[in-house]
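Asks: Below is the structure I would like to discuss, written out as structure tokens.
2 protein chains.
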Amino acid sequence: MTNEFPKDIMFCNEERAGERFIKRVWGKAPAFACCIGNTETGKIPGISAAGANPEITDFTPAADVELLYFGWCKCINGVPVTPDGIPTPGIITMSAIPLAKMPVFALNGGVNVRPNAPYFELDGKAGRDIRTGRALDDPRKVFERAVVVGEQLAATTEFLVVGESIAGGTTTALAVLTALGYDAQGKVSSSMPNNPHDLKTKVAQEGIEKAGGIERLKQDPLLAMAAVGDPMMPAAAGVIVGAGRRIPVLMAGGTQMAAVLAIVKGMDQSVLGNLAIGTTRWICEDRSSSIAGLVKQIGKVPILAANLDFSDSNFDGLRTYETGLVKEGVGAGGSSIAAILGSRGRIDRERIQQEIDGNYQRLMAKVR
Amino acid sequence: MTNEFPKDIMFCNEERAGERFIKRVWGKAPAFACCIGNTETGKIPGISAAGANPEITDFTPAADVELLYFGWCKCINGVPVTPDGIPTPGIITMSAIPLAKMPVFALNGGVNVRPNAPYFELDGKAGRDIRTGRALDDPRKVFERAVVVGEQLAATTEFLVVGESIAGGTTTALAVLTALGYDAQGKVSSSMPNNPHDLKTKVAQEGIEKAGGIERLKQDPLLAMAAVGDPMMPAAAGVIVGAGRRIPVLMAGGTQMAAVLAIVKGMDQSVLGNLAIGTTRWICEDRSSSIAGLVKQIGKVPILAANLDFSDSNFDGLRTYETGLVKEGVGAGGSSIAAILGSRGRIDRERIQQEIDGNYQRLMAKVR
Numbered sequence: 001m002t003n004e005f006p007k008d009i010m011f012c013n014e015e016r017a018g019e020r021f022i023k024r025v026w027g028k029a030p031a032f033a034c035c036i037g038n039t040e041t042g043k044i045p046g047i048s049a050a051g052a053n054p055e056i057t058d059f060t061p062a063a064d065v066e067l068l069y070f071g072w073c074k075c076i077n078g079v080p081v082t083p084d085g086i087p088t089p090g091i092i093t094m095s096a097i098p099l100a101k102m103p104v105f106a107l108n109g110g111v112n113v114r115p116n117a118p119y120f121e122l123d124g125k126a127g128r129d130i131r132t133g134r135a136l137d138d139p140r141k142v143f144e145r146a147v148v149v150g151e152q153l154a155a156t157t158e159f160l161v162v163g164e165s166i167a168g169g170t171t172t173a174l175a176v177l178t179a180l181g182y183d184a185q186g187k188v189s190s191s192m193p194n195n196p197h198d199l200k201t202k203v204a205q206e207g208i209e210k211a212g213g214i215e216r217l218k219q220d221p222l223l224a225m226a227a228v229g230d231p232m233m234p235a236a237a238g239v240i241v242g243a244g245r246r247i248p249v250l251m252a253g254g255t256q257m258a259a260v261l262a263i264v265k266g267m268d269q270s271v272l273g274n275l276a277i278g279t280t281r282w283i284c285e286d287r288s289s290s291i292a293g294l295v296k297q298i299g300k301v302p303i304l305a306a307n308l309d310f311s312d313s314n315f316d317g318l319r320t321y322e323t324g325l326v327k328e329g330v331g332a333g334g335s336s337i338a339a340i341l342g343s344r345g346r347i348d349r350e351r352i353q354q355e356i357d358g359n360y361q362r363l364m365a366k367v368r
Numbered sequence: 001m002t003n004e005f006p007k008d009i010m011f012c013n014e015e016r017a018g019e020r021f022i023k024r025v026w027g028k029a030p031a032f033a034c035c036i037g038n039t040e041t042g043k044i045p046g047i048s049a050a051g052a053n054p055e056i057t058d059f060t061p062a063a064d065v066e067l068l069y070f071g072w073c074k075c076i077n078g079v080p081v082t083p084d085g086i087p088t089p090g091i092i093t094m095s096a097i098p099l100a101k102m103p104v105f106a107l108n109g110g111v112n113v114r115p116n117a118p119y120f121e122l123d124g125k126a127g128r129d130i131r132t133g134r135a136l137d138d139p140r141k142v143f144e145r146a147v148v149v150g151e152q153l154a155a156t157t158e159f160l161v162v163g164e165s166i167a168g169g170t171t172t173a174l175a176v177l178t179a180l181g182y183d184a185q186g187k188v189s190s191s192m193p194n195n196p197h198d199l200k201t202k203v204a205q206e207g208i209e210k211a212g213g214i215e216r217l218k219q220d221p222l223l224a225m226a227a228v229g230d231p232m233m234p235a236a237a238g239v240i241v242g243a244g245r246r247i248p249v250l251m252a253g254g255t256q257m258a259a260v261l262a263i264v265k266g267m268d269q270s271v272l273g274n275l276a277i278g279t280t281r282w283i284c285e286d287r288s289s290s291i292a293g294l295v296k297q298i299g300k301v302p303i304l305a306a307n308l309d310f311s312d313s314n315f316d317g318l319r320t321y322e323t324g325l326v327k328e329g330v331g332a333g334g335s336s337i338a339a340i341l342g343s344r345g346r347i348d349r350e351r352i353q354q355e356i357d358g359n360y361q362r363l364m365a366k367v368r
């Protein structure tokens, strides 16, 4: 590694710790773990743009996993899109994965629609609407099984990138962070053009109150997840804890990963020194949310961001990312960072974006 | 590696190819994949000793997986035993795995009882009695998903050990080998004191005839499995094909692995040069079966055997292995070989047997 850090990675929090993390994984071979789940919370009108309409959001995680494995989706036509037709950030991830030469492992935290692909079964169920205050039945079981998966993966890989796909995940993130006593209001991001903070806060508060309030929940991440979490969370937190005891782990995602970080801290804070969050420039520069404002409350964990820039893309659907839609998901930012770091900077932003443009063109041609 | 080959590994077929295989994996880090399934065939009275009685054989694969992950079984009390009380060969595997420093991955080809542990879900179902001639619904799906798993594992590990746990597996092995045109009669092994060749042949023939006969089945391993196979087979064959395209694969098992080898050859014979069978001395020296006689018909694939010898064990339940009961299963021989080869011979037979005695004592104390 030269004295300079890779130009296409930005530091958004804890720069020195971020530099140390980069040095540890520079030139190392990563693996990618994609944690999926469904929650009825994602179907509350106005909550999520991870699907053309609320009902189809059940298919989004399965479709994203299929996209990563096969380069196209099996359970839906085309790829997951927002109501405006903007394609899933999984297109970024699927482009970075072969450049990073990463194997892909899916972890099923609890879904209604299963991928037509192999995945680690953790015996979880899809989550209820968090307004019930009893979102998940048994987050401990899913967490413990995911720890085992993380331990196995840590024995075979030099660093692990953990991403997620779940519709409605920033609302459950807000709820879990709040339940654990963090000030998350107005800080979680959104895939939508206008971040519906008021609606999210209302939903989160209703669930927390139903479950007995913050005082009852804040000491126990399992209780907080059972009350107002989503099924991606115990899967992601578990695989991060299991792997993070041995190897560096890049938590690939936006503000949802702040909630997972809070859970990880509550379950086994000894791993925090092995963690970084990896996201996109669009998340770090988002004025309607504050990932650093969340992470700073939890621990001294660096935030790295892939400096992706779609301004010059040939395609409207990608250029629109520059207006602040979608921003992140399926570990898009973290997998791009892994491609850059694992290749010692030989793979850069331009190379990843070429691949993204190529995949976008191919996938859109297939739809027509 | 010195000029001498490790003293505790025997060559049972294709010695020169076996030496080349050993050189390729000497000092390399393995991973262990355990392919599980259930088949009603295993419940035909007199067919299998992989459980104290036919009904409980449904629990054996799940219990074996739990034993490998946790050092004890969750879905049953104690460990799986034969009707005579001889413990599962999984005790050998669980002892070799930490010595080999192998991560463990379970693949579910189709079971009635799921492990209380994570596993790769391949969306297969438990198998019917092969006398129906329609044992499996969709072996292609399970095979293809297992190929994907094998490809991912090959990207993270230097060589892969593939074992199995399924009750009734030598009968389905006989049936599939016969259906594919091999002369397997009297050649498959047995976990029982007296190998019930006549019963197995009758069961296999009945299934093959129901499915339209050898001429219809012999060109297509998927058709042969659908007719008279078991759900472990497409999982094992798939993960071997997926991994074997890139890395050496040790097929860990007895004569069941000859059937899997025949399937692999029919699906993608380009991988055969990356394969060896790894088993136990008890299988290689068994006079009631002939693993070499089977494998020689299929291809020039070496057979290695771990020279385990329980004559001096402190425990009756282990010494009984020397009378020819159980012999192999859960990749016992192959995982022992992996411990020896991966450690450059630093781990030897004595060390593995110490560990086995210790685990046996601990597990039996727990039962009492």
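Chains R and P, in that order, are what the protein sequence lines are. All the letters of the first sequence, read from the start, carry residue numbers 1 to 368 under my numbering. All the letters of the second sequence, read from the start, carry residue numbers 1 to 368 under my numbering. Every residue gets a Cβ at the ideal spot worked out from N, C-alpha and C, and that includes glycine.
1. I'd like the span of the beta strand (DSSP E) that includes Asp102(R), first residue to last.
2. Would Thr156(P) count as contacting chain R if we go by Cβ distances under 9 Å?
3. Run down chain P in chain order and give the residues with a C-beta less than 7 Å from the C-beta of Phe105(R).
4. For the segment 22-39 of chain R, which residues have a CB atom closer than 7 Å to at least one CB atom of chain P, in sequence order?
5. Listing by chain order, which chain R residues have their CB less than 7 Å from the CB of Arg134(P)?
6. Below 7 Å CB to CB, which residues in the same chain sit around Arg16(R) once its five sequence neighbours on both sides are set aside?
7. Output the distance between the C-alpha atoms of Gly78(P) and Leu363(P), rounded to the nearest integer angstrom.
8. Please confirm whether Arg246(P) and Ser270(P) have their CB atoms less than 9 Å apart.
9. Measuring CB atoms only, is the segment 251-259 of chain R touching the segment 322-338 of chain R, in the sense that at least three cross pairs come out at less than 8 Å?
10. Here's a check: name, in chain order, each residue in its chain whose Cβ is nearer than 7 Å to the Cβ of His199(R), leaving out the five neighbours to either side.
11. Going along the segment 204-215 of chain R in order, which residues come within less than 8 Å of chain P, judged by CB to CB distance?
12. Using a C-beta to C-beta distance shorter than 7 Å, which residues of chain P count as neighbours of Ala117(R)?
13. In the DSSP assignment, find the unbroken alpha helix (DSSP H) run with Ser336(R) in it and report its ends.
14. With 9 Å as the limit, tell me which residues of the segment 122-133 of chain R have their beta carbon closer than that to any beta carbon of chain B; keep them in chain order.
15. Identify every residue that forms a DSSP beta bridge with Ile9(P).
16. Mind listing the chain P neighbours of Tyr69(R)? Cutoff is C-beta to C-beta under 8 Å, in chain order.
17. Is Ile101(P) close to chain R, meaning its C-beta is less than 9 Å from at least one C-beta of that chain?
18. Mind checking Thr2(R): buried by the 16 CB within 10 Å criterion, or exposed?
19. Give the DSSP-derived three-state secondary structure of Asn359(P) in the structure shown.
20. Quick one: is Asp230(R) buried, meaning 16 or more other Cβ sit within 10 Å of its Cβ, or exposed?
21. From the DSSP output, in three-state form, read off Thr279(P) for me.
22. Would Asn108(P) pass as an interface residue toward chain R - the criterion being a Cβ-Cβ separation below 9 Å?
23. Out of curiosity, what's the CA-to-CA distance linking Thr170(R) and Cys75(R)?
24. Under a Cβ-count criterion, where at least 16 other Cβ atoms within 10 Å of its own Cβ denotes burial, should Asp316(R) be classed as buried or exposed?
25. Report yes if the CB atom of Leu136(P) is closer than 9 Å to the CB atom of Gly127(P), and no otherwise.
26. Leaving out five residues before and five after Tyr321(P) in sequence, what residues of the same chain have Cβ atoms less than 6 Å from its Cβ?
27. State the DSSP-derived secondary structure class of Val315(P), mapped to helix, strand or coil.
28. Over what stretch of residues does the alpha helix (DSSP H) that includes Met267(R) continue unbroken?
29. Could you list which residues in chain R have their beta carbon closer than 8 Å to that of Phe120(P), in chain order?
30. Is Pro221(R) helix, strand or coil when you go by DSSP?
31. Can the beta-carbon of Leu250(R) be found closer than 9 Å to that of Phe21(R)?
32. Quick one: using the 10 Å Cβ neighbour count with 16 as the cut-off for buried, is Ala365(R) buried or exposed?
33. Could you check the C-alpha separation between Gln185(R) and His197(R) for me, to the nearest Å?
34. Nearest to Asn116(R) by alpha carbon, out of Ser189(P), Leu122(P) and Asn112(P)?
35. State the beta-bridge partners of Phe32(P) as determined by DSSP.
Replies: Reading off the structure:
1. Reading the first sequence from its first residue, position 102 is the one you call residue 102(R). In the sequence under discussion, the amino acid at residue 102(R) is Met, which differs from the Asp named in the question. Met102(R) -> no beta strand (DSSP E), and no H or E assigned at all.
2. One-based indexing of the second sequence puts residue 156(P) at position 156. Yes - at least one Cβ of chain R is within 9 Å of the one on Thr156(P).
3. Here residue 105(R) corresponds to residue number 105 of the first sequence, with the count starting at 1. By Cβ distance, chain P contributes Gln152.
4. Ala31
5. Residue mapping note: residue 134(P) aligns to position 134 of the second sequence, counting from 1. Neighbours of Arg134(P) on chain R: none; closest Cβ ~23 Å, over 7 Å.
6. The residue you call residue 16(R) lines up with position 16 of the first sequence. Same-chain partners within the cutoff: there are none.
7. Mapped onto the second sequence, residue 78(P) falls at position 78. Mapped onto the second sequence, residue 363(P) falls at position 363. When rounded, the distance between both Cα atoms is 7 Å.
8. Within the second sequence, numbered from 1, the residue matching residue 246(P) stands at position 246. Within the second sequence, numbered from 1, the residue matching residue 270(P) stands at position 270. Not in contact: Arg246(P) and Ser270(P) (Cβ atoms no closer than 9 Å).
9. yes
10. On the first sequence, residue 199(R) is found 199 positions in, with the first residue counted as 1. Before going further, note that residue 199(R) is Leu rather than His in the sequence given. Non-local C-beta neighbours of Leu199(R) in its own chain, meaning closer than 7 Å and more than five positions away in sequence, comprise Gly46 and Ile47, ordered along the chain.
11. none
12. Against the first sequence, residue 117(R) aligns to sequence position 117. What Ala117(R) touches in chain P: Arg145 and Val148.
13. To locate residue 336(R), count along the first sequence from 1; it is residue 336. Unbroken alpha helix (DSSP H) run through Ser336(R): Ala332 to Gly342.
14. The chain labelled as chain B is not found among the protein chains of the depicted structure, namely R and P.
15. Mapped onto the second sequence, residue 9(P) falls at position 9. According to DSSP, which records beta bridges pairwise, Ile9(P) is partnered with Ala306(P).
16. The sequence position of residue 69(R) within the first sequence is 69, counting from 1. Those within 8 Å of Tyr69(R) in chain P are Val148.
17. Position 101 of the second sequence, counting from 1, holds the residue named residue 101(P). Correcting the residue identity first, residue 101(P) is Lys in this sequence and not Ile. Output row for Lys101(P): interface = yes.
18. Start at 1 with the first residue of the first sequence, and residue 2(R) comes out as number 2. Below a pLDDT of 50, predicted positions are generally treated as unreliable, and Thr2(R), at 47, falls in that range; no measurement from the model is reported.
19. Translated into positions along the second sequence, residue 359(P) becomes position 359. Note: Asn359(P) maps to helix in three-state DSSP.
20. Indexing the first sequence from 1 puts residue 230(R) at position 230. Around the beta carbon of Asp230(R), a 10 Å sphere encloses 16 or more other beta carbons of the protein chains shown; the residue is thus reported as buried.
21. What you label residue 279(P) is simply residue 279 of the second sequence in a count that begins at 1. In this structure, Thr279(P) counts as strand in the three-state DSSP scheme.
22. Residue numbering aside, residue 108(P) sits at position 108 when the second sequence is read from its first letter. Chain R, which has a Cβ nearer than 9 Å to the Cβ of Asn108(P), makes this yes.
23. Working through the first sequence from its first residue, we reach residue 170(R) at position 170. Working through the first sequence from its first residue, we reach residue 75(R) at position 75. Approximately 24 Å, taken between the alpha carbons.
24. Your numbering for residue 316(R) matches position 316 in the first sequence. Asp316(R) is exposed by the Cβ-count criterion.
25. The sequence position of residue 136(P) within the second sequence is 136, counting from 1. The sequence position of residue 127(P) within the second sequence is 127, counting from 1. Yes; because the gap between Cβ atoms is below 9 Å, this pair is in contact.
26. Within the second sequence, residue 321(P) is the residue found at index 321, counting from 1. So the list reads Phe310, once near-sequence residues are dropped.
27. Along the second sequence, read from residue 1 onward, the residue named residue 315(P) stands at position 315. Val is not the amino acid found at residue 315(P); the sequence shown has Phe there. Residue state, collapsed to three classes: coil.
28. Position 267 of the first sequence, counted from the start, is the residue given in the question as residue 267(R). Where Met267(R) is concerned, the enclosing alpha helix (DSSP H) stretches over Thr255 to Met267.
29. Position 120 of the second sequence, counted from the first residue, corresponds to residue 120(P). Going along chain R in sequence order, the residues near Phe120(P) (Cβ under 8 Å) are Pro118, Tyr119, Phe120 and Glu121.
30. Numbered from 1 along the first sequence, position 221 holds the residue referred to as residue 221(R). Helix, per DSSP.
31. Position 250 of the first sequence, counted from the first residue, corresponds to residue 250(R). Position 21 of the first sequence, counted from the first residue, corresponds to residue 21(R). Taking 9 Å as the Cβ cut-off, Leu250(R) and Phe21(R) qualify as a contacting pair.
32. Locating residue 365(R) in the first sequence gives position 365, where the first residue counts as 1. It is exposed - the Cβ of Ala365(R) has fewer than 16 other Cβ atoms within 10 Å.
33. For the purposes of this step, residue 185(R) is identified with residue 185 of the first sequence, where counting begins at 1. For the purposes of this step, residue 197(R) is identified with residue 197 of the first sequence, where counting begins at 1. Computed Cα separation, rounded: 8 Å.
34. Position 116 of the first sequence holds residue 116(R). Comparing Cα-Cα distances from Asn116(R) to each of Ser189(P), Leu122(P) and Asn112(P), the minimum goes to Leu122(P).
35. Here residue 32(P) refers to the residue found at position 32 when the second sequence is read from its first residue. For Phe32(P), which the question treats as bridged, DSSP gives the partners Val104(P) and Val161(P).
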